[in-house]
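In the working numbering, the protein residues as written are 2 to 206. Here the structure is laid out as structure tokens; the discussion comes afterwards.
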């Protein structure tokens with residue numbers, strides 16, 4: 002009887018071990034699958050701008066690190082806008098000033114804001130980087146900024162999506178060109194749409 006009991010206990014232990022091994026295998030498979038899906042998502046998101054892997058194998062760690070960094074930065078930028086042309090004041094409360102701009106277009110989003118670039122003599126309108134709660138809020142802001150054209154207080158303020166360094170340089174040049182056009186042709190409305198400057202008569206709809 003004692004041998005039978007011991008044999009039964011051993012069989013029970015073996016069955017428990019088998020079940021544990023099965024659970025561990027299932028968990029491992031699930032984790033590996035999840036990681037692969039996440040890597041695939043990162044790779045697909047970055048594929049439009051960056052070559053992720055060479056055709057004959059996986060990317061080296063340095064390349065992979067650059068890819069992930071680029072994707073993360075792109076995700077961060079999707080929640081930001083850049084405000085140009087907002088005059089700079091001593092001891093300004095920049096977040097309150099940005100809220101004033103947004104209130105002019107009927108919005109009051111939660112935000113964080115700071116000036117970007119070095120303060121230099123004669124440069125009193127450094128751009129303002131504004132971080133919003135989501136990319137959908139960014140879209141909402143950008144869809145309304147055209148109303149600033151008719152603002153008596155902020156008609157020289159421009160709100161643009163946050164871009165890479167190269168794209169920011171292009172935006173800066175575009176805004177400078179827009180300012181010159183408004184000064185040269187004050188009887189017309191000048192605005193940026195889809196990366197180009199458009200003009201129309203102020204009386205036209």
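Glycine included, every Cβ here is placed at the ideal spot set by N, Cα and C.
So what's residue 181 in DSSP terms, helix, strand or just coil? Residue 181 sits in a helix when the DSSP states are folded into three classes.
Nearest CA to the CA of residue 85: which residue from 95, 77, 91 and 79? Of the listed residues, the one whose Cα sits closest to residue 85 is 95.
Proximal residues to residue 161 (C-beta, below 6 Å), its chain only, five neighbours per side dropped: The beta carbon of residue 161 is closer than 6 Å to those of 83 and 172 in its chain, skipping five residues each way along the sequence.
With a CB to CB cut of under 8 Å and the five nearest residues on each side skipped, what residues in its chain are close to residue 180? Excluding residues within five positions, the ones whose Cβ falls inside 8 Å are 86 and 157.
Are the CB atoms of residue 198 and residue 174 within a distance shorter than 8 Å? Contact flag unset, no.
Exposed unless 16 or more other CB atoms sit within 10 angstroms - verdict on residue 209: Given that the chain is displayed from residue 2 to residue 206, the structure contains no residue 209 and the question cannot be resolved.
Residue from 201, 196, 119 and 91 with nearest C-alpha to residue 187: Answer by Cα proximity: 201.
Is the segment 130-147 touching the segment 106-113, taking contact as three or more C-beta pairs under 8 Å? Between the segment 130-147 and the segment 106-113, the count of C-beta pairs closer than 8 Å reaches three or more; the two stretches touch.
Are there 16 or more other CB atoms within 10 angstroms of the CB of residue 194, so buried, or fewer, so exposed? Exposed, because fewer than 16 other Cβ atoms sit within 10 Å of the Cβ of residue 194.
Around the C-beta of residue 146, are 16 or more other C-beta atoms found within 10 angstroms, so that it is buried, or is it exposed? Residue burial is scored here from C-beta neighbours: residue 146 has at least 16 other C-beta atoms within 10 angstroms and is therefore classed as buried.
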